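Presented below is the structure to which this report refers.
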Amino acid sequence: MIKLITKSLFFGIVFCLLLMSPNKIIAAETVEEIIVKANNVAYYEGKDGRSNVKMTITDAQGRNRVREFTILRFDIEDGKEQKYYVYFNKPADVQDMVYMVWKYLDRDDDRWLYLPALDLVRRIAANDNRSSFVGSNFVYEDISGRGLALDNHELISSEGDVFKIKNTPKDSADVEFSYFEVYIQKSNFVPVKAEYYDKQGKLYKIVEAIEVKDINGHPTVTKSKATDLAVGSNTVIDFLNVEYDLGIEDEIFTERYLRRPPRKWLN
Amino acid sequence: MFKKLIEFSFNKPKTIIAATIVLVILAAFQFPRIKVDTDPENMLSEDEFVRVFHHEVKREFAIYDFIVLGIVNEKNSQGVFNVETLNRIYDITEKIKKIDGVITREIIALSTKDNIRQGVVGSVIFEWLMNGPISNPRQATVIRDEALDNPMFNGTIVSENGRAVCVYVPIERKNISYRVSQEIYAIVEQEKGDDRYYITGLPVAEDTFGVEMFKQMAISAPLAGLIIFILMFFFFRNIVLIISPMLLAISTVLITMGLLIGFGFPVHIMSSMIPIFLMPIAVLDSVHILSEFFDKYRLLQDKRKTVFAVMDELFTPMLFTSLTSAVGFFSLSFSPIPPVQTFGVFVASGVMIAWVLTLTLIPAYISLMSEKSFDKFKAADSQSEDHHGIIDNVLSSIRRFSIKRSKLIIALSIIVAVISLYGITRINVNDNPVRWFNKNHQIRVADKILNKHFAGTYTAYLVLAAKDKKAQVFIEPKMLEYVEKLQKLLVEKGNVGKTTALPDVVKKVYYELLGGDRTNNVIPKTKRAIAQCLISYENSHKPDDLWHMTTPDYDKVNIWIQLKSGDNRDTDKVLKQVDEYLKNNKSPFEIEHNWAGLTYINVVWQNKMVLGMLMNFIGSFIIVFFMMTFLFRSPMRGLISMIPLTLTIVFIYSLLGFIGKDYDMPVAVLSALTLGLSIDFAIHFIQRARELYAISGSWEKASKELFKGPARAITRNAFVIAIGFLPLLVAPLIPYRTVGFFMFMIMFISSIVTLFILPAIMTVLPGIVFNKGRGKMLCNCKYCQVIAVAVSVAVVYILRGYTQVSWSAALVVSIAVVAVMGGICSKISDHKFCFTGNEKEEKK
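Taken in order, these protein sequences are the chains called A and B. Heads up: the first sequence runs through residues 23 to 289, numbered per my numbering. Heads up: the second sequence runs through residues 9 to 852, numbered per my numbering.
Dropping the structure here:
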């Protein structure tokens, strides 16, 4: 859901900010409206989108690991089904690896992993979206978004220029947090920060937008960071060359293309 | 000077007593500042390589020391894999997470570990092994089968037979282990059902030992004191009089401990034993004084005269017995182990404090007693006539026997010595902190049961590091196969229960990705394939688990080795197996290896300690020899006085070899005590023999006197201390039992050896013992040669102890020293200074 600042890169609806006065927003928005808008800003900007991503994982000892990949996104319908294609460039040993997601709202996502060195396409069972994304401090759900229906939402503050929304999972057995709070900018509905509290009620993880740019009229997070307070590690993602509405073909997001990366979209 | 001191003490008893009380109070004021350190790791200094490396490994691979909680169910047909037990374990794990000081995210348990397995139609799943409470038995079976199928968990979290499960509880610091273990006990005690709970692991054993040790210290030292008190009453029948040695012992212990704490030294496992070491030493001299006083008072009937007569007689032997004990302990200060140094210095100081107090407090105390109270001596004398009679009868039989059968005794001693030397060769050097507890202690029990079910609760880490840090050596297939082969070999050899390392993860992920077919349980053929398996593994809930096993640059691997035994001896075998493997199998890339882990650290300090103690022992042996040579004005007499001590030590240590008791830390430390205490009787005996001989001029006559007062004092001392420490034999902590055993044996054997062998030698070699040769020892060429040999041994000792000189070089040097000294000796003995000296002697 909202939290995914990270993903905000992936862009969708053109926000006609000019047409709405901030006051009007505050007065009019219900929690549901806020989170729906924020979700759309975070994950559904444009009809499709692509970005080159540089991910820097820094562990508690200050050691860095860098992963570089390209993300392609295709929306079937705003706020609903969409598809992701993640192609890895670096590290060199994992070049050509592809990770693909078909995201649904009413059931578990379909996920595939293509491992070129094993010449192997594996379905990854997606019964748990809280596992790490390639060893980073982001989880899969951060990348493709957490279903809004999984949580109860509560507007706990609208002071200043952000909405602060508390999200409590309906089924707490599935997740490692007890709740999380998301800060959403009133001006553009970009979720700029999410704070996760563990089952003991202690803040243990923060996901935040470090840099937000307007790209072709789409408010876009171009740099975000996930910090694990307990471990002392963090992951920074730089979204480079973010583009929207390129006309990426639906057929690319199929098993066939895992082994045959669509070069024209990947550079 | 000392005479004046004794006189002053007798004349101004109140001043002395007041001064002592002030000192004791000052010392007592230091006690609240006590710092306790029960961490055996501190046996090594902080900058010791293995310690530095251990902490580097812990940091680099994010490893923590852990407490092992085992849950065992022998009743249920499914073992622990039934719904109730698993849910209980889940609850317990959740509660453990809340304990202060526990590294929650690194707990290793069913509910905290991620598993990779086959999902529906050709998919793989990353899934918590146990995601929450379960409701039906089928889930329990699935959890068991999945855990057993994962090389990371089988034998570590789950026992092969499904009867037991382990929770590894990592902690921030080792010194909270005891507290955390108590909190875990409190949690599991609330649980019902057939499950049994066991807690073990080196940190908890070591920390618990520290806690119990202090309790034991508070019980043992006073208890030994009480028994010594009762025994002295049995011998002397005068409560007021025998209070004095008790006060002396207590003052000595308090002042010494006050000094230790006041100087800011932490009270370590070693220093907690100071009271129990000082107690007998402090009492020894006073028992000699009381014994003589008791006997002499009946003749002199005047306390002043008696005190001075006794002090005059005993001054020299007391000085030398104290000095030898002090030297024995002080030599520990050259040990490479900081707590042992502290221990040695403060026991040595305590010995000298006890000596000063003996010269001051005892005369002052006697001075304050009314003459009337000594009247009881007469009564006591008649009352105790029986046991006096028995002791005297026995002693006089010993006298007759050892004089008549002197050669037999000497022959027997040689035979015993030879057999004992054989026994010493069978000594096993070994230690294991878990074995410091007696067999029924819950930690010992837990250790036994959990190591029966699991691959081992003892942990060592073997780190392999590539010389070329950039080459990502440890994702090269050849390199992983090399590591895998080493792992297999270690388990086959039998000392290692299980190893967990990078190849296990790679293989597990690889065959699960390929559909779960075990024929693919191998290391993939290419570096890219391995890298891709690993990045797949990083998609789990706990990607950081990978970094316990390797580095992000893949330039190092950390092999987690589980051992079923914490015996240093067994760890040692594993070290050798690894060395052998690395030597005989060339690594495809250049690597170096190092060890970490508490089990390994114990091996390192033990080796240092054993070798260090041996060196210290040789050193103090030489020093004591020089002191004896000086005291008795002859190296031959010096050698003779060392015989009882040597036989005592050789005999006691041979027992270790014969009965199979390990040479461990307490035994090593006790060698200093053995040396210091077992020379005491010989000093008293020879010194008095020479004095008596000087009076009577006949060994036959002197021996009769010798076997009255002095031999009686020796016997009384031996009884008081040997029996006083017997209760330690049932102490719950094994090191205390060892101390009790040694005290008993030292007193028992050295008194017997002194009373039998010394008279036998005096009978056979009266000339040497009673000084009929040339006056100056350097003038006797033979004596001079003995000193030459001793000097060369000393030189070798110093070379070996303080420099890196090899044995052969040291040997050459020592031979050279002997030769040179030999030359000097013959020169000196021809020198006129000897003749003039001799003539002077004769004129006198």
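Beta carbons are placed, not taken as given, at the ideal position from N, Cα and C, and that holds for glycine. The model shown is predicted, which means the values in this text are computed figures rather than measured ones.
What would DSSP say about ARG782 of chain B, mapped onto helix, strand or coil? At ARG782 of chain B the pLDDT is 45, less than 50, meaning the model places this residue with poor confidence; the figure from the coordinates comes in the next sentence. Coil, per DSSP.
Should PHE302 of chain B be labelled buried (16 or more other beta-carbon atoms within 10 Å of its own) or exposed? buried
Could I get the ranges of all uninterrupted alpha helix (DSSP H) runs contained in the stretch 121-182 of chain B, with 4 residues as the minimum, in chain order? 145-157
Listing by chain order, which chain B residues have their CB less than 7 Å from the CB of SER200 of chain A? Neighbours of SER200 of chain A across chain B, judged by C-beta separation under 7 Å, do not exist; the nearest C-beta is about 13 Å away.
What is the DSSP secondary structure of ILE116 of chain B, reduced to helix, strand or coil? strand
To the nearest angstrom, how far is it from the Cα of TYR186 of chain B to the Cα of THR579 of chain B? 25 Å
From this set, A:HIS240, A:PRO284, A:THR249 and A:ARG87, which residue's C-alpha is nearest VAL264 of chain A's C-alpha? A:HIS240
Could one say the Cβ of TRP555 of chain B lies closer than 8 Å to chain A's Cβ atoms, at least one of them? yes
Measure the Cβ-Cβ separation of VAL175 of chain B and ILE107 of chain B and say whether it is below 8 Å. no
Show which residues of chain B have a CB atom less than 9 Å away from the CB atom of GLY167 of chain A. Ordered by position in chain B, no residue passes the 9 Å Cβ test against GLY167 of chain A, which lies about 18 Å from the chain.
Which chain A residues sit within Cβ distance under 9 Å of ASN602 of chain B? Per Cβ cutoff of 9 Å: no residues; ASN602 of chain B is ~18 Å from chain A at best.
Can you list, in chain order, the residues of the stretch 136-149 of chain A whose Cβ is nearer than 8 Å to any Cβ on chain B? LEU137, PRO138, ALA139, LEU140, LEU142, ARG144, ARG145, ILE146, ALA147 and ASN149
is_contact[LEU522 of chain B, chain A] using C-beta, thresh 8 Å: yes
So which residues of chain B does MET119 of chain A contact, with C-beta pairs closer than 8 Å? Residues of chain B passing the Cβ test: GLN540 and ILE543.
In whole angstroms, what separates the C-alpha of THR467 of chain B from that of GLN570 of chain B? 5 Å
Listing by chain order, which chain B residues have their CB less than 9 Å from the CB of ASP81 of chain A? ALA70, ASP552, TRP555 and PRO560
TYR162 of chain A versus A:GLY169, A:ARG152 and A:ILE187, residue with shortest Cα-Cα distance: A:ARG152
How many Å lie between PHE161 of chain B and LYS550 of chain B at the Cα? 14 Å
Establish whether the CB of SER143 of chain B and some CB of chain A are separated by less than 8 Å. no
Tell me whether VAL173 of chain B is buried or exposed, calling it buried when 16 or more other Cβ atoms sit within 10 Å of its Cβ. Counting Cβ neighbours within 10 Å, VAL173 of chain B comes out buried, since at least 16 surround it.
LEU255 of chain B (DSSP reduced to helix, strand or coil): helix
Proximal residues to LYS581 of chain B (C-beta, below 6 Å), its chain only, five neighbours per side dropped: ASN503
How should PHE337 of chain B be labelled, buried or exposed, when 16 other C-beta atoms within 10 angstroms of its C-beta is the threshold for buried? buried
Output yes if chain A places a C-beta closer than 8 Å to the C-beta of ARG434 of chain B; else output no. By this cut-off, ARG434 of chain B is not an interface position.
Residues of chain B with CB closer than 8 Å to the CB of ALA252 of chain A, please, in chain order. THR112 and ARG113
List the whole-angstrom C-beta distance separating LYS215 of chain A from TYR205 of chain A, where the pair is believed to meet the contact cut-off of C-beta under 8 Å. 4 Å
Could you give the C-beta distance for GLN585 of chain B and ILE269 of chain B, rounded to a whole number, given that I count them as a contact under 8 Å? With 8 Å as the limit, GLN585 of chain B and ILE269 of chain B do not qualify as a contact, their Cβ atoms being about 45 Å apart.
CA-to-CA distance, SER154 of chain A to LEU127 of chain A, given in whole angstroms: LEU127 of chain A and SER154 of chain A have their C-alpha atoms roughly 21 Å apart.
For a minimum of 4 consecutive residues, which ranges assigned as the alpha helix (DSSP H) are wholly contained in the stretch 602-630 of chain B? Runs found: none.
Should the stretch 676-695 of chain B be called in touch with the stretch 287-295 of chain B, which here means at least 3 C-beta pairs below 8 Å? yes
Taking the alpha-carbon positions, what's the ASP260 of chain A to ARG59 of chain B distance? 41 Å
Leaving out five residues before and five after GLN190 of chain B in sequence, what residues of the same chain have Cβ atoms less than 6 Å from its Cβ? none
Interface residues of chain A around LYS456 of chain B at Cβ under 9 Å? Those do not exist, as LYS456 of chain B stays about 35 Å from chain A at its closest Cβ, beyond 9 Å.
Whole-angstrom distance between TYR206 of chain B and LEU458 of chain B, CA atom to CA atom: 8 Å
By a C-beta neighbour count over all protein chains shown, 10 Å radius and 16 as the cutoff for buried, is THR433 of chain B buried or exposed? exposed
So, at 6 Å on beta carbons, what are the nonlocal neighbours of PHE69 of chain B in its own chain, with the 5 sequence-adjacent residues on each side left out? So the qualifying residues of the chain are HIS556 and ASN566.
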